[in-house]
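*Asks:* So that we are looking at the same thing, I have put the structure below in structure tokens.
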Amino acid sequence: MSCSAVAAAFSAVVAQGLLWRSRRRSRRAFVARYLSVTKIQLKRLIITIDGPAGAGKTTVSRILADRLGYRYIDTGALYRGVALEAISSGLSHDDDMGLEKLCSKLKMKFMPGEKDLRLLSNDSDITDQIRTSEITMFASAVSARPVVRRFLLDLQRDMGREKGVVFEGRDMGSVVFPDADVKFYLDASCKVRALRRYKEIRSKTSQTLEEVEKDIKRRDENDSTRDLAPLKPAEDAIIIDSTDISAKGVVDRMLSYIENRH
Ligand code: DC
């Protein structure tokens, strides 16, 4: 056997050995991860994910809830539900007496659907009606009314009674669940948030990217300057900037944070 053949055989053996060791290491890492995710599954934590529009909260919350076998609650949908009912009843966004009466008769709940979670309002499925730009802006306006926030505060806390939930919203960690086990605040640059939202809705709307960005800026302004429960990170929230990270990357960071602390 020539010298070079011996050298080649030797390096093949070394490479095999390294591969075997690295596979063993990645097998170990896989098992460790599996066990710690199972541990979190069993702990039934309350996890909150707040942040501005388009930061990727919905995608991330869904994946995280799925990985942990937790329920996922989209609290923005509840504000949208109130907005839809208010518009259908001909109320203006600041008609507090009208809104109070409306809320006192409103029964909203989530039900698992074939593909996704459905929102029922007084037993009617309104899931597909609450994503228009009119509802989006009206929801932001009614979310500043104390009467609406009070009504939804109780409803959201009721939904959290059965643990093991990922709550997505604006004030989940700061107001609704101040004692949540883990709080995240997801942010991203305005440009990236507008682009994500535009890609999400472009098949359903005639809005241009510039218009979507303008709406997002207006909504940021409304949501963060209102007196009651303004959009801001809870003091103990972990802030993640998702501008340059994929949804899966964000979830991985969240999971390793949760694993380290729970
Ligand atoms: O997340 P979204 O776009 O579906 O939310 C619609 C509006 O509801 C948003 O502009 C602000 C309001 N909202 C809120 O005030 N508090 C929450 N926890 C969730 C949403």
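In my numbering, the protein residues as written are 69 to 330. Here a beta-carbon is modelled for each residue, glycine too, at the ideal position from N, C-alpha and C. Here the structure is a predicted model, which means the values were calculated and not measured.
So for Phe-235, helix, strand or coil by DSSP?
*Replies:* strand
*Asks:* If you count every other CB in all the chains shown that lies within 10 Å of the CB of Glu-303, and 16 or more means buried, which is it?
*Replies:* With fewer than 16 other Cβ atoms inside 10 Å of its own Cβ, Glu-303 counts as exposed.
*Asks:* If you follow the beta strand (DSSP E) that Phe-245 is part of, which residue opens it and which one closes it?
*Replies:* No beta strand (DSSP E) contains Phe-245, which DSSP labels as neither H nor E.
*Asks:* Pull up the CB-CB distance for Ala-123 and Ala-262, whole angstroms please, since I reckon it's below 8 angstroms.
*Replies:* Their Cβ separation, rounded to whole angstroms, is 11 angstroms, which puts Ala-123 and Ala-262 out of contact at 8 angstroms.
*Asks:* Measuring alpha carbon to alpha carbon, tell me which of Phe-219, Asp-142, Asp-184, Arg-135 ends up nearest Ser-172.
*Replies:* Phe-219
*Asks:* Between Val-319, Arg-135, Thr-200, Ile-198, which lies nearest to Tyr-102 when the distance is taken from Cα to Cα?
*Replies:* Arg-135
*Asks:* Shorter than 6 angstroms, the distance from the beta carbon of Ser-211 to the closest heavy atom of ligand 1, or not?
*Replies:* Yes, Cβ of Ser-211 sits closer than 6 angstroms to a heavy atom of ligand 1.
*Asks:* Measuring straight from C-alpha to C-alpha, what distance separates Arg-238 and Val-99?
*Replies:* Approximately 35 angstroms, taken between the alpha carbons.
*Asks:* So does the stretch 150-157 actually touch the stretch 194-209, counting three or more Cβ pairs closer than 8 angstroms?
*Replies:* The stretch 150-157 is in contact with the stretch 194-209.
*Asks:* Per the DSSP calculation, Asp-283 is bridged to which residue(s)?
*Replies:* Asp-283 is not bridged to any residue.
*Asks:* Please identify the residue among Ala-97, Val-233, Thr-106, Pro-214 whose C-alpha is closest to the C-alpha of Arg-139.
*Replies:* When each option's Cα is compared against that of Arg-139, the closest is Val-233.
*Asks:* Ignore the nearest five residues each way along the sequence and tell me which others in Met-227's own chain have a CB closer than 6 angstroms to its CB.
*Replies:* When the five nearest sequence neighbours on each side are left out, the beta carbons in the same chain lying within less than 6 angstroms of the beta carbon of Met-227 are those of Ile-141, in order along the chain.
*Asks:* Any heavy atom of ligand 1 closer than 6 angstroms to the CB of Ser-208?
*Replies:* yes
*Asks:* State yes or no: is the C-beta of Tyr-147 nearer than 6 angstroms to some heavy atom of ligand 1?
*Replies:* yes
*Asks:* Is there contact here, the stretch 304-313 with the stretch 237-252, by at least three beta-carbon pairs under 8 angstroms?
*Replies:* yes
*Asks:* Does at least one heavy atom of ligand 1 sit under 6 angstroms from the Cβ of Ala-121?
*Replies:* yes
*Asks:* So, with DSSP's three-state summary, where would you put Ser-310?
*Replies:* Coil at Ser-310, not helix or strand.
*Asks:* Could you tell me the distance, in whole angstroms, from the CA atom of Ala-326 to the CA atom of Gln-109?
*Replies:* The amino acid occupying residue 326 in the given sequence is Ile; Ala does not appear at that position. Their Cα atoms are separated by approximately 11 angstroms.
*Asks:* For Lys-107 and Arg-130, what's the separation of their Cα atoms in angstroms?
*Replies:* 19 angstroms
*Asks:* Express the C-alpha separation of Leu-299 and Ala-212 in angstroms, rounding to a whole number.
*Replies:* 11 angstroms
*Asks:* Taking 6 angstroms as the line, does the beta carbon of Arg-238 fall inside it for any heavy atom of ligand 1?
*Replies:* yes
*Asks:* Please classify Ala-97 as buried or exposed, where buried requires at least 16 neighbouring CB atoms within 10 angstroms.
*Replies:* It counts as exposed.
*Asks:* Rounded to whole angstroms, what's the CA-CA distance from Ala-248 to Arg-112? Just pull it up for me.
*Replies:* 11 angstroms
*Asks:* Mind checking which residues open and close the beta strand (DSSP E) that includes Ser-274?
*Replies:* Where Ser-274 is concerned, there is no enclosing beta strand (DSSP E), given that its DSSP letter is neither H nor E.
*Asks:* Under a Cβ-count criterion, where at least 16 other Cβ atoms within 10 Å of its own Cβ denotes burial, should Thr-293 be classed as buried or exposed?
*Replies:* exposed
*Asks:* I think Arg-265 touches Ile-284, with their Cβ atoms under 8 angstroms apart; what is that distance to the nearest whole Å?
*Replies:* 6 angstroms
*Asks:* Using DSSP with H/G/I as helix, E/B as strand and the rest coil, what is Leu-296?
*Replies:* coil
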